[in-house]
Structures are given as C-alpha cells and as structure tokens.
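Numbering (our numbering), first residue to last: 16 to 432.
These notes concern the structure reproduced below.
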Amino acid sequence: MPEFQTSPGMRDVLPPESARWRRFVRTFDETVSAAGYGQVVPPLLEDIGVFHRVGEATDVVTKEMYDFVDKGERHVALRPEQTASVCRAFVQHRPATPWKVWYAGPNFRYEKPQRGRYRQFDQVGIEVLGPDDPYLDVEVIALGWRFFRTLGLGQVTLMVNSLGEPADRTAFVAALREYFEANIDRLTPESRVTLSKNPLRVLDSKRPADADVIASAPRIADFHSETARASFAAVLDGLRALDIPFVVNERLVRGLDYYRLTTFEYVGGTLDSAQNALGGGGRYDGLVEDLGGPATPGVGFAIGLDRTLLACDDEGVFAAHEQGVDVFVVDTTGGLHALTVTDQLRAAGISADRAFENRSMKSQMKAADRSGASVAVIIGSDEAAAGTAVVRPLRDGGEQTSIPRTELITTLRKVLS
RNA sequence: GUGGGCGUAGCUCAGUCGGUUAGAGCGUCAGGUUGUGGCCCUGAAGGCCGGGGGUUCGAAUCCCCUCGUUCACCCCA
Numbered sequence: 016m017p018e019f020q021t022s023p024g025m026r027d028v029l030p031p032e033s034a035r036w037r038r039f040v041r042t043f044d045e046t047v048s049a050a051g052y053g054q055v056v057p058p059l060l061e062d063i064g065v066f067h068r069v070g071e072a073t074d075v076v077t078k079e080m081y082d083f084v085d086k087g088e089r090h091v092a093l094r095p096e097q098t099a100s101v102c103r104a105f106v107q108h109r110p111a112t113p114w115k116v117w118y119a120g121p122n123f124r125y126e127k128p129q130r131g132r133y134r135q136f137d138q139v140g141i142e143v144l145g146p147d148d149p150y151l152d153v154e155v156i157a158l159g160w161r162f163f164r165t166l167g168l169g170q171v172t173l174m175v176n177s178l179g180e181p182a183d184r185t186a187f188v189a190a191l192r193e194y195f196e197a198n199i200d201r202l203t204p205e206s207r208v209t210l211s212k213n214p215l216r217v218l219d220s221k222r223p224a225d226a227d228v229i230a231s232a233p234r235i236a237d238f239h240s241e242t243a244r245a246s247f248a249a250v251l252d253g254l255r256a257l258d259i260p261f262v263v264n265e266r267l268v269r270g271l272d273y274y275r276l277t278t279f280e281y282v283g284g285t286l287d288s289a290q291n292a293l294g295g296g297g298r299y300d301g302l303v304e305d306l307g308g309p310a311t312p313g314v315g316f317a318i319g320l321d322r323t324l325l326a327c328d329d330e331g332v333f334a335a336h337e338q339g340v341d342v343f344v345v346d347t348t349g350g351l352h353a354l355t356v357t358d359q360l361r362a363a364g365i366s367a368d369r370a371f372e373n374r375s376m377k378s379q380m381k382a383a384d385r386s387g388a389s390v391a392v393i394i395g396s397d398e399a400a401a402g403t404a405v406v407r408p409l410r411d412g413g414e415q416t417s418i419p420r421t422e423l424i425t426t427l428r429k430v431l432s
C-alpha cells in the first residue's frame, strides 16, 4: 500500500472512465440545451447559511456537511447539493424569468462511503425558476427521462408523488405524528428517533418491521387541497400525453425539506440495491424566498452520475471505451523524425502518437498495435536517408507502401478516410 | 454513526490443522538472427501477504487494535 491514498469516499477517475464521464455530461448538455437550458457554474464553496435553508431537519444539513471557518472568519461549507446554490445565484443576480439552467459537478457529503455513495459525488441537474405551471414540472421530468433513454437505459422507473401545498403538508405531518405516536410500540427504535425529527421520513423506512404500521398510515392524497389535487392531476395527464410511464408512490417523500407539490424520483433497475435512486427532484416554491429573494416558484432535479453509470453497467449500455489515435509513428533512428512527423500530423488534424526511449522495431510495432492506430508510419535508416516513410495499415490488411515524406499527409488522409 | 464480510504482485485471485527461498493468469519489459504488431514459445522485473501490537521455537495463516473497502441499517444522488 502506498503511503498516500485518496481520502475515504474520494476517488480518482482515470481513462477511459474519465472520457465516459465527459460523454455523460456532454450528453446531458445536449439533451437540456435543446430545451433552452443554459449552464450555471456555481462555486463549490458557499456561506453555510445557504445550505441551512435546505432543511434544518435533514441529515444532509445537520450531520453531513463539510463546513469550516475560513481565514476571513467566514463560516463556509462545501456544497452538499446545487439547488440551493442555484437559488442563491438567482437571488444575487436576478435574471429574467423563466430562468432555465443546468449544472454538472461535484458535491460533498460526509457520509460513510458505500458502493454508489461517495463523499465527493457528481451530479447533473436542471432548475427552472419563475413559472408556476404543472406542465413545467412535466417538462422537467420528461427531460430527465429523455436523458436516461439517450444513455440507453431501459429499466428506469419513474416514481411521482405530490406533497401538497405547505398547509396540506403541515396538516399531513401532524396527522402522521399523531398516528405514529399512537402506534409507537409497533415502530422500530430507529423509526421512533426519526419520528421525533421528521414524521414524513418514517414513511421512507426500509425496515421490514415497520412495514405494517406504515401501510395503514394516513395518506397524503387525503390532505391535498383543491389546488394541489388539480396540479397533481395535470402533472399525471402531462406524463400520459408524453407516453412516459410512471408509478404514483405516496411514500415518496424525498430527503430535502424544501419540496412541496410535485416530487419524483428515477429508480434504477437493480431494485435490490439500497443505492438505487438514480436521481430525483420536485417543486420547491419557497426556497428562493427563504434565501432572501422574491417569492419565486422553482422546480428541478438532480441525477447522480456514479449511480447512473452503475445502472448503465448493469444494463450493458453506455460503456467506456479506449480512445486511440489515428496514426502511430515508428522511428528506429533515434526519435527525432518521430518528433517532427507527429507534430506535422497533429498540425494537419491527424491524431498521432509515438514511442519513446528509442526502442526496437518490434517493441515500437507492439506499441503501435496497442495504441489502436489504424496506420503505422515507419521511418528507419533507409527512409531517413531517402526522405521517405513507410505507410503500413494495421487493421484491415492491405500492403504497406513507401512514399516520399512530402506526400505523407495526403496519403494518410486517403488511407484514413 | 451501528452491525457483518473482505484486505496476498500494477489487475483478478490461489495459498490457512501455523513449518524451509509466497504462487498462477492477465498486464509490463526483453528475447525467439538479417528493419515490421496481433497468435505462440522462453525468460525477467515486480509482494515489509493493508498497518501496529500480541501468542509461538516459528505467523500471510491464530488473537487484539487500527486503517481501508464492501454489504445491510441510516441517509440519499
């Protein structure tokens, strides 16, 4: 074991996986850019107060933040998510609404690491601030859905729910608390602790012993106001109109406190895994106001990059693949010709690599093969003296030819096309 | 944060009733004659057996601690 390794829950992303990450973000960019979303790049570090507004009762804020006091005595935190940052940016810059933005980048949560759960983890997401329209919720959900489809994922389940308007939610939470307290002896000790902090979250318990009590708990739908009911119906109608399959899950409560009305989650195919939530989001109409801005409705989602790629692996789609070069230059005369020829090729837009340390012909040819290049350009002492180069196809047979160096680029363009 | 599994070469893993110089495959490097890759053959390099302590004549192997990882709870993406 080396003396220094990555900190727990942090890791290096190496080729070719790193290229897959870039393609992932590029694919997301293309999906949402086509719907009029622009990229916002918020800082990794914010005043800790920005995140406190996300939810005083959530573990994300109370236990898992990477926070510290900086040299200027400011209490700051590495962002645990980006929705709060986007809303803070909105309040600070007051762009015209509807403000449709997307983001991609790392977030930090001090949790015990697990497969698909890291302390530094990347998310992509979108947020729309301004419009209060259930069809916007549908657009947002549909863009996430389209993204998964573009990646090639076929086993994603969309779960939707509505938490109702704030008053509905408050009434529901009160009813829940009353119900669970009346049945507290049937709850697991862990759920009793959860109950004292946030009764909603008890619904999310995955412990089998809690299943019975939860099954007969009050139902959120019974507390929906007329407005909430109409909004939720419009969302479901919109999803049907787009032929997006969904499952209404009344126990879907989500982890952050700011959600109201529509909430949704994309669940991966491997349902036996505890880390099967690929992404999720919802409407958060109070967050901008909480951050000191004008009352502004908002809706959005975040998708976990790691988990989604794990789901891709499970389904055998969106695989990583090695990136090669077009041409590999072999030079057995010391390497100066390889230096100038690769430079010349790159300038002409032909990707090229070479070997170093003046290795043997055999060794350099092996390297050429491994490089993935479809053509080798070989320069030995004869070619160097004659001002020529050998062009040797590496993949699909074909004879090698000796040509003047001046014709190298035109010849290669022909061979590569 | 709580509980269980695991931790041996760069990678994937053998090896434990404790017993001489710790193995394989893949990968890397070098050869297999005269300047040419993929297949094959030969050889080489590469391990404080995660770290520390203990038991023992002797520990990769047993015990304790610790770190890391993984699974479940929790949390959530």
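All C-beta atoms, glycine included, are put in the ideal place defined by N, C-alpha and C.
The structure displayed is predicted, hence computed values, not measured ones.
Cut-off 8 Å between Cβ atoms - residues of its own chain near residue i, not counting five sequence neighbours on either side
i      : result
Leu191 : Pro214, Leu215, Val217, Leu218, Ala232 and Pro233
Gly307 : Val106
Val262 : Thr172, Leu173, Met174 and Val175
Ala50  : Lys115, Glu154 and Leu158
Pro128 : Pro23, Gly24 and Arg134
Ser240 : Gly179, Glu180, Ala182 and Asp183
Ile63  : Met80, Asp82, His90, Val91 and Ala92
Own chain residues within Cβ distance below 7 Å of residue i, not counting five before or after
i      : result
Ala104 : Val55 and Pro57
Arg361 : Ala367
Ala363 : Ile424
Ser100 : Pro57, Glu61, Val65 and Arg94
Gly395 : Thr347 and Thr348
Val165 : Reading the sequence as shown, one finds Thr at residue 165 and not Val. Counting only Cβ-Cβ distances below 7 Å, and skipping sequence neighbours, we find Thr42 and Thr46.
Val188 : Pro214 and Leu215
Close-in-space but distant-in-sequence residues of the same chain around residue i (CB under 6 Å, 5 per side omitted)
i      : result
Trp117 : Val47, Tyr52, Gln54 and Ile141
Pro149 : Ser246, Ala249 and Val250
Ala230 : none
Ser119 : At residue 119 the sequence reads Ala, which differs from the Ser that was named. Cβ within range, chain order: Val40 and Val139.
Asn198 : Val228
Arg410 : Ser389
Pro312 : Asp147 and Asp300
Ser220 : Ser206
Val7   : Because the chain is modelled from 16 through 432, residue 7 falls outside the range shown and cannot be assessed.
Arg369 : Val344, Ala353 and Thr357
Cys102 : Leu302, Val303 and Leu306
DSSP beta-bridge partners of residue i
i      : result
Pro121 : Asp137
Glu126 : According to DSSP, Glu126 bridges with nothing at all.
Gly294 : Tyr281 and Ile318
Arg369 : Val344
Pro408 : Val390
Met174 : Val262 and Glu280
Gly313 : Leu144
Val116 : Gly53 and Glu142
Residue i in three-state terms, based on DSSP
i      : result
Glu61  : strand
Phe162 : helix
Leu80  : Residue identity check: residue 80 is Met in the sequence provided, not Leu. Coil at Met80, not helix or strand.
Arg38  : helix
Gln415 : coil
Glu142 : strand
Thr403 : strand
Ala92  : strand
Arg132 : strand
Gln54  : strand
Val268 : coil
Lys381 : helix
Val332 : coil
Val69  : coil
Arg275 : strand
Ala353 : helix
His239 : coil
Thr21  : coil
Asp252 : helix
Ala363 : coil
Thr203 : coil
Glu180 : coil
Asp74  : helix
Whole-Å CB distance - residue i paired with residue j, under 8 Å assumed
i      : j      : result
Thr426 : Val406 : 6 Å
Asp272 : Val69  : 7 Å
Gly283 : Asn291 : 5 Å
Leu351 : Arg322 : That pair is no contact at about 49 Å.
Ala186 : Phe238 : 5 Å
Val75  : Arg124 : 6 Å
Any non-hydrogen atom of the ligand ADP within 7 Å of residue i CB
i      : result
Gln290 : Among the components of this structure there are no ligands whatsoever, and the ligand ADP is therefore not found.
Stretch pair the stretch 139-154 + the stretch 329-342: three plus CB contacts closer than 8 Å: no
Given 8 Å, three or more beta-carbon pairs between the stretch 345-362 and the stretch 163-179: no
The stretch 377-384 in contact with the stretch 329-336 per 3-pair CB rule at 8 Å: no
Given 8 Å, three or more beta-carbon pairs between the stretch 82-91 and the stretch 127-134: no
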